[in-house]
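See below for the structure under consideration.
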Amino acid sequence: MNTNKIGFIGLGNMGHPMAKNLEKAGFSLAVYNRTIEKAKDFEKQSTIYNSIEKLVENSDIIFTMLTNDKAVKDVYEQIVSLDIKGKLFVDMSTISQEATKENAKLIKSKEASLIDAPVAGSTKPAADGTLIIMVGGDKNDVEKAVPYLNKMGKLVKHLGENGKGIAAKLSINYFLSMIYQGLAETVLFSDKLGIDKGDMLEIINESASGSGATKVKTPLLLENDFTPAFGLDLMLKDVLLAKDAGANYPLGKTIFESYQAAHDNGFGNDDVIGIINYLKNLK
Numbered sequence: 003m004n005t006n007k008i009g010f011i012g013l014g015n016m017g018h019p020m021a022k023n024l025e026k027a028g029f030s031l032a033v034y035n036r037t038i039e040k041a042k043d044f045e046k047q048s049t050i051y052n053s054i055e056k057l058v059e060n061s062d063i064i065f066t067m068l069t070n071d072k073a074v075k076d077v078y079e080q081i082v083s084l085d086i087k088g089k090l091f092v093d094m095s096t097i098s099q100e101a102t103k104e105n106a107k108l109i110k111s112k113e114a115s116l117i118d119a120p121v122a123g124s125t126k127p128a129a130d131g132t133l134i135i136m137v138g139g140d141k142n143d144v145e146k147a148v149p150y151l152n153k154m155g156k157l158v159k160h161l162g163e164n165g166k167g168i169a170a171k172l173s174i175n176y177f178l179s180m181i182y183q184g185l186a187e188t189v190l191f192s193d194k195l196g197i198d199k200g201d202m203l204e205i206i207n208e209s210a211s212g213s214g215a216t217k218v219k220t221p222l223l224l225e226n227d228f229t230p231a232f233g234l235d236l237m238l239k240d241v242l243l244a245k246d247a248g249a250n251y252p253l254g255k256t257i258f259e260s261y262q263a264a265h266d267n268g269f270g271n272d273d274v275i276g277i278i279n280y281l282k283n284l285k
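As numbered in the numbering used here, residues 3 to 285 make up the sequence shown, in order.
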C-alpha cells in the first residue's frame with residue numbers, strides 16, 4: 003500500500019485538474035494555491051494548507067505546477083529555506099533549463115531531490131489524465147514519482163538528467179506553435195478563396211495534415227470562441243524560452259515575431275489559436 007503523503011502546489015488551469023486526478027486515485031493529498039478559493043473543492047477529500055511551509059512539512063513528495071521562471075523561483079526559494087531532507091520535488095512547470103538545473107542543485111544541497119516533469123497537453127488532457135509527461139532527473143527519483151505521474155498522463159517518458167524534460171517540452175511546443183499558426187493561416191487563406199471554414203477544417207482533419215492539435219482547436223475556430231485552454235501568452239513564453247535555448251531557425255524567427263506581435267496587439271489572454279485574430283488584420 004502506498005503511504006507517501008503527496009503535496010501539490012499550484013492549482014491553475016492545468017494544476018487543478020492534475021491534482022484532482024491524484025485525489026480521485028485515492029492518494030493522501032494536500033494542496034496549496036496562492037488564491038485559496040481555487041482549492042475549495044478539495045476540502046472534502048484532501049487537506050488544504052494556507053502556506054507552502056505547512057504543505058512541505060507534511061508531505062513526502064511535492065508536485066509544483068507554476069506559470070513561469072519567476073513563479074517557480076519564488077516558490078522554491080521558500081522551499082529551500084525549510085528542512086526538506088529526504089523529500090522529492092516534481093516540478094511540472096515549463097521554465098528554462100537553467101532555472102530547472104539551478105533548482106535541482108539547490109534542492110540537492112538540502113539532501114532532497116528534484117525532477118523536472120513538464121507536460122504536453124492542455125486542459126482537457128489534464129482533466130482526462132492523458133497528458134504526455136517528459137521527465138528529467140535521477141532514475142530512482144523518477145521511479146518513485148511514476149505511480150503518481152501515471153494518474154496524470156498516458157505516457158511518462160524519462161529522457162535523462164535534470165533539464166532533459168524541459169528540453170523535450172520546449173521542443174514540442176516549438177513545433178506546436180508552428181502547427182497553430184499554420185492552421186490559422188490556412189483557414190484565413192481558404193476563406194479568402196471562398197472555401198467554407200467548416201469544410202476546410204474537415205478536409206484538414208481527415209487528411210494527412212490533420213492531428214490531435216488541429217482537431218482540438220477546430221471547435222474554437224468554428225465557434226469563434228477563444229477562451230483559453232492554453233493561452234497565447236503561455237505559448238509566447240515557451241517559444242521565447244526555445245529561442246533562448248538555441249532555436250535559431252527560419253520558421254522560428256517568424257513564429258517569435260508573430261506571437262510577440264499578437265501579444266502586443268492585445269490577444270495574449272486568448273487561447274493560442276486566437277492568433278488567427280491577429281493574423282486576419284495583417285495587410
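Beta carbons: idealized from backbone N, C-alpha and C, even for Gly.
Inter-residue spacing [alpha-carbon to alpha-carbon] between residue i and residue j
i    : j    : result
L222 : R36  : 30 Å
F269 : N142 : 43 Å
A264 : K26  : 38 Å
K219 : K22  : 24 Å
L281 : V144 : 42 Å
L157 : D201 : 33 Å
I206 : G212 : 5 Å
L127 : F232 : Correcting the residue type first, residue 127 is Pro in the shown sequence and not Leu. Approximately 11 Å, taken between the alpha carbons.
M154 : V148 : 10 Å
G14  : D193 : 36 Å
D118 : A73  : 15 Å
D272 : L243 : 20 Å
V137 : K166 : 7 Å
Q183 : L84  : 44 Å
L253 : P230 : 24 Å
A249 : K46  : 46 Å
E259 : I197 : 28 Å
D140 : I50  : 30 Å
N267 : S209 : 33 Å
D43  : K245 : 39 Å
D227 : A129 : 20 Å
I174 : S61  : 32 Å
K110 : V58  : 16 Å
Spatial neighbours of residue i in its chain, beta-carbon cut-off 7 Å, leaving aside the 5 residues before and after
i    : result
A247 : Q99 and L172
K239 : N70
S48  : E25, L31, A32 and V33
L152 : Sequence check: residue 152 is Asn here, not Leu. For N152, where only same-chain residues beyond five positions count, the Cβ hits under 7 Å are V158.
T125 : N15, M16, P19 and A231
L68  : G12, V74, V77 and S95
Residues near residue i in its chain [Cβ-Cβ closer than 8 Å; skip 5 each side]
i    : result
F191 : none
D235 : H265, G270 and N271
T188 : M202 and I206
N-terminal and C-terminal residue of the alpha helix (DSSP H) that residue i is part of
i    : result
D76  : D71 to I81
V137 : Where V137 is concerned, there is no enclosing alpha helix (DSSP H), although the beta strand (DSSP E) it sits in stretches over L133 to G138.
S115 : Segment S115 to D118 is the beta strand (DSSP E) holding S115; no alpha helix (DSSP H) there.
L172 : K166 to K194
I205 : K199 to E208
L299 : As displayed, the chain neither begins before 3 nor continues past 285, which places residue 299 out of reach and without an answer.
E225 : G214 to E225
K26  : G17 to K26
Given residue i as reference, the closest of the options once Cα atoms are compared
i    : options                   : result
T66  : F10, V58, G254 and K110   : F10
M20  : N6, T5 and A41            : A41
G131 : N271, Y251 and Y150       : Y150
M237 : Y261, L224, Y251 and A249 : Y261
L90  : A101, T96 and Y78         : Y78
L133 : N226, S83 and P120        : P120
I275 : G196, K199, S179 and V241 : S179
A170 : I197, P230, V241 and K110 : V241
L224 : K166, K199, L234 and S124 : K199
Q80  : E59, S124, I54 and N60    : I54
I168 : H18, T125, E104 and L284  : E104
S95  : M16, D43 and F29          : M16
V92  : E39, G28 and H160         : H160
A122 : N164, L116 and Y176       : Y176
A101 : N164, N52 and L57         : N164
Residue i: first and last residue of the uninterrupted beta strand (DSSP E) it sits in
i    : result
G254 : Not the beta strand (DSSP E): G254 falls in the alpha helix (DSSP H), residues P252 to D266.
is_contact[residue i, chain C] using C-beta, thresh 7 Å
i    : result
K153 : In the structure shown, chain C does not exist; there is a single protein chain.
For residue i, the residue or residues it bridges with in DSSP
i    : result
G155 : L133
Y34  : I11
L90  : I63 and S115
A122 : I134
T49  : A32
D273 : G233
G162 : G138
Contacting residues, own chain, Cβ-Cβ under 6 Å from residue i (five flanking each side not counted)
i    : result
I278 : A186
I63  : N6, I8 and L90
I181 : A215
E113 : K87
L108 : V82
T256 : none
I135 : A119, V121, L151, G155 and V158
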